[in-house]
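What follows is a single structure, written as structure tokens, with notes after it.
Residue numbers (the working numbering), protein chains in the order written: chain A, 1314 to 1571; chain B, 3 to 420.
See below:
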């Protein structure tokens, strides 16, 4: 791995994990206390609804499709920039078909084992300190399983970049779908509120692109099972989580604006 | 290897079908024009001229922290005094539960206490069965000892029994301790989706909502016609639901009949709760799945919904196994079914993941409390826990079935202080 590539991976990784942590930290500050008391629970309040006309769904769909296309193009372009041997024959899921010159990453198996074990041990310590241990153990377990599978399989070839790229495209696809669903359900009462949701979506899309770049740089040096497991836990799970950013932001802004 | 691939494809199909069901229910609730569907129950209440006799059963095992608060709200319920009886079933408590119940009973003639012998069979179902034997009313209403019903709730739960086909009613459960921590906020979101969308959607579509064993009423005749409570079952409520609907009784869900409960505040407690539910629910799957599909009492839609409902706690273990299995398959095998299907499977699966979140969004929108969605992106933490806990429940069930061992009842811990 060249120094430039290492710097890019570190920069992108910092942007990704920093962005994810900041976002999830904001989410954890949610308050629900004014659900109480029960008699004030507006479960049956009949107030006017903010129904939008049908044509607006068309614009939202168009907007989501545009965002999705831009995200996938940006992702594949960035991946090609980061990995010189990497070539994608298509720029849109699912026709995307990426190839990479084979490398011999079997030397990194040991590092993956050590790294995964460290993650699991850290998770074990986390068990006693924090309440989210089942999730941490599950995700660390998946990574460790990937590493063990590689060792047992004695694999010497690199991860399938096409599969990784399709995973990345899927995450972006879900994010666009999440944005569309959130807007359709929450029906923002004003353009300004909708803009907040759009900003949240675009912001999280940028964070995900950082993550995709970092993961591409990282996993091309890993054997396939470890790479797949790392993608599943470090990219897909937070990816799905950030796909809900527009819902979270629209919810808060809608509540504040009555 | 081929079997593994078939299993993964089965899991994927099941996940997509379950997600499709969740999307449909969300759409059904969302498409209802009024905020609270189908009504607030006022018309049903006004139509009742002669209220039936009701016994409220409150099984209590070491509930000294919450019982007094619960009983004080029970005594304030709006219902004809001569028609209402409250029976606290002290289920082998070793704390002050019995003393508290007797103290309140001495001050309120409508409150009675039944103390179970220390050697009595453990579990909520056994306690309720014993309480039912001394309750004389036609309608029995069940509450857990941590519940805090508002005054109008009882009439809302009892009014639908004017229809002789109704065998059971079920109200909505609302967490009271939502701000206790991250877990309670996430459980609040899950409860909203489960009740305001899933149960409510099934009620709207004329499917069979689930009787939850608490905040619910049951007609004695219906209960007796299906053989009473199954003592020793870990999901006695689900078990009863399926026996009722297979016998032709109707279960009604009443979204407006909302009642507070405590949800687990710590993750190990939540783990045990989900494990218990998964154990009992899959026990029901073994017992009723084919019966539901072959029942002449149920419509086609009810059969499909019932069968899918029974599969809900089997899916997590399938998903967990598939997640682990897919890693070596994608990584190693060059030409196999999964690699062929992967470009299509990945986005479909990912879109299916949005289904439960969509239900939460719909519930928050319908409740007009969209601010709670701020915690939505963290819901995957709770989902991971449920994945592992439900899988543990399935493993435990399989082990006990093979060994012929009866399950052990795990009591859910309470957090309120007396």
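Note that CB positions come from ideal geometry on N, CA and C, so glycine has one too.
These figures come from a predicted structure and were not determined experimentally.
- Task: Can you tell me which of the three DSSP states residue 1353(A) falls into?
- Result: The predicted position of residue 1353(A) is uncertain, since its pLDDT is 40 and thus under 50; a value taken from the coordinates is nonetheless stated next. The answer is helix: DSSP assigns residue 1353(A) an H, G or I state.
- Query: When you compare each of 290(B), 319(B), 172(B) to residue 306(B) by their alpha carbons, which one comes out closest?
  - Reply: From the listed residues 290(B), 319(B), 172(B), the smallest Cα separation to residue 306(B) is found for 290(B).
- Query: Excluding five sequence neighbours on each side, which residues of the same chain lie with their C-beta closer than 6 Å to the C-beta of residue 393(B)?
  - Reply: The residues 318, 319, 322, in chain order, have a CB closer than 6 Å to that of residue 393(B) in the same chain once the five nearest residues on each side in sequence are set aside.
- Query: Per DSSP, residue 92(B) forms a beta bridge with which residues?
  - Reply: 62(B), 117(B)
- Close-in-space but distant-in-sequence residues of the same chain around residue 177(B) (CB under 8 Å, 5 per side omitted): 186, 189, 190, 193, 262, 263, 264, 265
- Task: Would you check if there are 3 or more beta carbon pairs closer than 8 Å linking the segment 155 to 172 of chain B to the segment 210 to 229 of chain B?
- Result: yes
- chain B beta carbons: is any one of them nearer than 8 Å to that of residue 1514(A)? no
- Task: Starting from the N-terminal side, write out each stretch of the beta strand (DSSP E) that is 3 residues or longer and does not extend beyond the segment 163 to 232 of chain B.
- Result: Scanning the segment 163 to 232 of chain B for uninterrupted beta strand (DSSP E) segments of 3 residues or longer gives 168 to 177, 218 to 221, listed from N- to C-terminal end.
- What is the rounded straight-line gap between the Cα of residue 55(B) and the Cα of residue 240(B)? Rounded to whole angstroms, the gap between the alpha carbons of residue 55(B) and residue 240(B) is 25 Å.
- What residues from chain B crowd round residue 1541(A), counting only those whose CB sits closer than 7 Å? 329, 332, 333
- Task: Look up residue 38(B) in the DSSP assignment and say whether it is helix, strand or coil.
- Result: Since pLDDT at residue 38(B) reaches only 48, below the 50 mark, its modelled position is unreliable, and the value read off the structure follows with that caveat. Here residue 38(B) sits in coil by DSSP.
- Message: Is there a Cβ of chain A sitting closer than 8 Å to that of residue 278(B), yes or no?
- Response: no
- Message: How far does the alpha helix (DSSP H) with residue 1263(A) in it extend, from its first residue to its last?
- Response: Beyond the ends of chain A as shown, which are 1314 and 1571, falls residue 1263(A); an answer cannot be given.
- Residues in the segment 340 to 359 of chain B having any Cβ partner in chain A nearer than 7 Å: Here the close residues are 344, 345, 346, 348, 349, 352, 353, 355, 356, 359.
- Item | is_contact[residue 366(B), chain A] using C-beta, thresh 8 Å | With 8 Å as the cut-off, residue 366(B) counts as an interface residue toward chain A.
- When burial is assigned at 16 or more other CB atoms within 10 Å of the CB, is residue 40(B) buried or exposed? The pLDDT assigned to residue 40(B) is 49, lower than 50, so where the model puts this residue is not dependable; a value taken from the coordinates is nonetheless given after this. Using a 10 angstroms sphere on the CB of residue 40(B), the tally of other CB atoms stays under 16, which defines it as exposed.
- residue 173(B) versus residue 236(B): straight-line alpha-carbon distance, rounded: 21 Å
- Message: For residue 339(B) and residue 7(B), which I take to be in contact (beta-carbon distance under 8 Å), what is that distance rounded to the nearest angstrom?
- Response: 5 Å
- Task: Could you give the DSSP three-state label for residue 150(B): helix, strand or coil?
- Result: Reduced to three states, the DSSP call for residue 150(B) is strand.
- Query: In its own chain, which residues sit with a C-beta less than 8 Å from the C-beta of residue 1363(A), not counting the 5 before and 5 after it?
  - Reply: Reliability of the predicted coordinates at residue 1363(A) is poor, the pLDDT of 44 falling under 50, and the value obtained from them is presented with this limitation in mind. Cβ within range, chain order: 1500, 1501, 1502.
- Starting from residue 83(B), trace the alpha helix (DSSP H) both ways and give me its first and last residue. No alpha helix (DSSP H) contains residue 83(B), which DSSP labels as neither H nor E.
- Message: For residue 46(B) and residue 259(B), what's the separation of their Cα atoms in angstroms?
- Response: 12 Å
- In three-state DSSP terms, what is residue 77(B)? Three-state result, residue 77(B): helix.
- Straight-line Cα distance separating residue 195(B) from residue 1572(A): Residue 1572(A) lies beyond the stretch modelled for chain A, which goes from 1314 to 1571, so this question has no answer here.
- Limits of the unbroken alpha helix (DSSP H) element including residue 67(B): Run containing residue 67(B): none; DSSP gives neither H nor E here.
- Query: So, are the CB atoms of residue 1450(A) and residue 1553(A) less than 8 Å apart?
  - Reply: no
- Message: Looking at chain B, is there any beta carbon in it that lies within less than 8 Å of the beta carbon of residue 1502(A)?
- Response: no
- Item | Distance, residue 1550(A) Cα to residue 382(B) Cα | 8 Å
- Message: Any beta carbon of chain A sitting closer than 8 Å to that of residue 72(B)?
- Response: no
- By how many angstroms is the C-alpha of residue 370(B) removed from the C-alpha of residue 137(B)? 40 Å
- What residues match up with residue 143(B) in a beta bridge as DSSP calls it? 58(B), 219(B)
- By Cβ distance, which residues of its chain are closer than 6 Å to residue 1408(A), with the 5 residues on each side in sequence left out? Caution is warranted here: a pLDDT of 47 is assigned to residue 1408(A), below 50, making its placement in the model unreliable, and the coordinate value is therefore given only provisionally. Closer than 6 Å at Cβ, skipping near neighbours: no residue.
- Can you round the beta-carbon distance between residue 1527(A) and residue 1325(A) to whole angstroms, since I take them to be within the 8 Å contact cut? Going by Cβ atoms, the distance from residue 1527(A) to residue 1325(A) rounds to 4 Å, so yes, they are a contact pair.
- Item | Supposed contact pair residue 20(B) and residue 310(B) - C-beta distance, whole angstroms, cut 8 Å | The Cβ separation is near 6 Å, so the contact holds.
- Secondary structure of residue 402(B), DSSP reduced to three states: helix
- Item | Endpoints, beta strand (DSSP E) assigned at residue 260(B) | Its beta strand (DSSP E) spans residues 252 to 263.
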